[in-house]
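Everything on this sheet refers to the single structure shown next.
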Amino acid sequence: MLKKFFQAFRPEKPSALPDPDAELALGALLVRVAQSDRDYQVEEISLIDRILARLYQHNAIEAAKVRATCERLHAAAPETDTFGKLIRETTGLEERLAALDALWEVVVADGEEKEGELRIVEDARKAMGLSYADSQTARTRAVAKYQN
1276 MLKKFFQAFR
1286 PEKPSALPDP
1296 DAELALGALL
1306 VRVAQSDRDY
1316 QVEEISLIDR
1326 ILARLYQHNA
1336 IEAAKVRATC
1346 ERLHAAAPET
1356 DTFGKLIRET
1366 TGLEERLAAL
1376 DALWEVVVAD
1386 GEEKEGELRI
1396 VEDARKAMGL
1406 SYADSQTART
1416 RAVAKYQN
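Our numbering applies: residue 1276 is where the sequence shown begins, and numbers increase by one.
Dropping the structure here:
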């Protein structure tokens, strides 16, 4: 009887994580960039939700659910280049450039470009098969977006 009592208070086993697709891989990378400075702010969470909604046509609730899954994927995640390679192998150039734009948006959103964030974006860029020039163009667009 005591055993049943204590089992009632134990958390359920967490559900298995889904196999990442390009959307979940990008979301996990966005979370990874936002959490790289160990200061995961509400503004960053909200930005990730908006990016996921914009890129994948989600409503706010769907985007938040996807982001929550991405947070779990990030926590149990493979290396950054694994996510980048998945994006490269499953999307076209336009989608990869949009993913790079999204990563830069998260980096510049707080007005500071931290070394950890830059390293993640650089690793992702290489794994997605994009050029340094592509990255600088994406960075310029993101900076312009937040200066207005």
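C-beta: ideal position from N, C-alpha, C; glycine also.
No experiment lies behind these values; they were computed from the predicted model shown.
Candidates the options, of which the one nearest residue i by Cα
i	options	result
D1296	R1313, T1344, E1390	T1344
S1311	H1349, A1335, D1324, T1366	H1349
A1309	H1333, A1328, L1330, R1342	R1342
E1354	E1397, Q1332, Y1407, K1340	E1397
L1405	Q1316, D1314, R1313, A1373	A1373
I1362	R1313, K1401, T1415, A1408	K1401
T1366	Q1422, A1419, L1330	L1330
R1371	D1409, L1322, I1395	D1409
D1314	D1294, A1419, E1392	E1392
G1386	Q1422, V1317, D1294	Q1422
Check whether residue i and residue j have beta carbons under 7 Å apart
i	j	result
G1359	A1303	no
L1375	A1351	no
E1390	V1382	no
E1346	V1306	yes
D1356	A1339	no
Beta-carbon separation (whole angstroms), residue i vs residue j, contact threshold 8 Å
i	j	result
A1384	E1337	A1384 to E1337, Cβ: 21 Å. No contact.
A1335	E1380	Between E1380 and A1335 the Cβ distance is about 17 Å, and since that is not below 8 Å, they are no contact.
L1299	A1377	In fact, because the Cβ distance is near 13 Å, the residues do not count as touching under 8 Å.
Range covered by the alpha helix (DSSP H) that runs through residue i
i	result
T1357	1355-1365
R1414	1407-1422
G1404	Per DSSP, G1404 belongs to no alpha helix (DSSP H) and is neither H nor E.
E1370	1368-1383
H1349	1335-1350
E1319	1317-1331
R1307	1297-1310
Any non-hydrogen atom of the ligand MG closer than 6 Å to residue i Cβ
i	result
R1416	Questions concerning the ligand MG fall outside what the structure shown contains, since it holds no ligand whatsoever.
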